[in-house]
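Student: One structure is given below, represented as structure tokens, and several questions about it will come after.
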Amino acid sequence: MNENSIRLRLEDGWFEVCERERLIPGRGVAALLPDGRQAAVFTDRTGRAYAIDNRDPFTGAYVMSRGLLGSAQGRAFVASPLLKQRFDLETGRCLDDEEVSVQTYVTEAP
Numbered sequence: 008m009n010e011n012s013i014r015l016r017l018e019d020g021w022f023e024v025c026e027r028e029r030l031i032p033g034r035g036v037a038a039l040l041p042d043g044r045q046a047a048v049f050t051d052r053t054g055r056a057y058a059i060d061n062r063d064p065f066t067g068a069y070v071m072s073r074g075l076l077g078s079a080q081g082r083a084f085v086a087s088p089l090l091k092q093r094f095d096l097e098t099g100r101c102l103d104d105e106e107v108s109v110q111t112y113v114t115e116a117p
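Residue numbers (this note's numbering): 8 to 117.
Shown next as structure tokens:
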């Protein structure tokens, strides 16, 4: 494992996504996980890494990695690039519809 890599904690251990240098703060990348699911991985301007499910629960499209990062009341969120619903990057909760959420992943980054 590369010591400069961003990793996600999965049920069976850590999964290496990519080297930190490959991520542009405020932009996302999609990562194919070993079980076939997709994660959207982001770093913010402070360098903190986040990961959520890449599937938009409102449309079913795998596009969350193309979403726009922002913050509301001190909480980081990503807005879906399609219908613009906002999802808290720590909890996965939709800020625009409390009944909807996406899976989040614990990240480890140098």
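Just so it is clear, CB atoms sit at the ideal spot from N, CA and C, and this is done for glycine as well.
Out of D104, E97, Q80 and F22, which has the shortest C-alpha to C-alpha gap to K91?
Tutor: Nearest of D104, E97, Q80 and F22 to K91, Cα basis: D104.
Student: Thinking C-alpha only, which one of E18, E26 and E106 is nearest A56?
Tutor: Checked all of E18, E26 and E106; the closest Cα to A56 is E26.
Student: Whole beta strand (DSSP E) runs in the region 9–43 with 3 or more residues, listed along the chain?
Tutor: Taking only runs of at least 3 residues, the beta strand (DSSP E) segments lying wholly in the region 9–43 are 12–17, 20–26 and 35–39.
Student: Can you list, in chain order, the residues of its chain whose CB lies under 8 angstroms from that of S108, leaving out five sequence neighbours each side?
Tutor: Result list for S108: P64, F94, T98, G99, R100 and C101, in chain order.
Student: Beta carbon of G35, beta carbon of S78: below 8 angstroms?
Tutor: No, Cβ-Cβ distance for G35 and S78 is not below 8 angstroms.
Student: Between which two residues does the beta strand (DSSP E) holding T53 run?
Tutor: Here T53 belongs to no beta strand (DSSP E), and DSSP marks it neither H nor E.
Student: Taking buried to mean at least 16 other C-beta atoms within 10 Å of its own C-beta, is L39 buried or exposed?
Tutor: It is exposed - the Cβ of L39 has fewer than 16 other Cβ atoms within 10 Å.
Student: Do you know offhand how far A37's Cα is from E115's?
Tutor: Going from the Cα of A37 to the Cα of E115 covers about 16 angstroms.
Student: Would you identify the three-state DSSP class for S72, choosing helix, strand or coil?
Tutor: Correct three-state label for S72: helix.
Student: As a quick exercise: from L76, P41, Y69 and T111, pick the residue whose alpha carbon is nearest that of G54.
Tutor: Among L76, P41, Y69 and T111, the Cα nearest to that of G54 belongs to L76.
Student: Considering only their Cβ atoms, is the gap separating L17 from I59 smaller than 8 angstroms?
Tutor: Taking 8 angstroms as the Cβ cut-off, I59 and L17 do not qualify as a contacting pair.
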